[in-house]
Amino acid sequence: IAKQREQILRLILENESVDSSVNLRDIAKETDGFSGSDLREMCRDAALLCVRDFVHNQSDSEPEEAIRPIGQLDLQAAASKMKQSKSAGGPGILLHAALD
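Going by full-length UniProt numbering, the first residue of the sequence shown is number 1, and it counts up by one from there.
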C-alpha cells in the first residue's frame, strides 16, 4: 500500500518543482492511512511552504530569485500538519488552511 501512495505522490508532483533529494518512498511510508485526496492536499501545503518562504525572503535589494523546489522537509512538515488535523477528527481543511 505504501507503494501505491508513492505512485500517487509521483503523479501529484510530476509537474511540480521537486528537489532531486526527495525520497517519495519515505514520504509514502510516513503517510499511512492518507487518502489520495489527503496526499494531494499535503503536496499543496508543501508547495505553499515554498511560496511562503519566497514571499518572506523577498527584499528590494536582492535580484528576484525563483521559488525553491519542494524538499523532503516541506513534505514531512505538511504530512505532520495533515496527521494533526486528521487526528483532531474535524474537517482537515479548516485546521491546516492557515499559512502562518
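Beta carbons: idealized from backbone N, C-alpha and C, even for Gly.
Residues of the same chain with a CB within less than 6 Å of the CB of residue 68, apart from the 5 flanking positions on each side, are 50 in chain order.
Residue 40 is positioned such that its CB atom lies closer than 8 Å to that of residue 12. DSSP, reduced to helix, strand and coil, places residue 67 outside both helices and strands of the structure shown, so it counts as coil. Under the 10 Å beta carbon count, residue 5 is surrounded by 16 or more other beta carbons and is classified as buried. Contact between residue 74 and residue 28 fails: their C-beta atoms lie close to 15 Å from each other, not under 8 Å.
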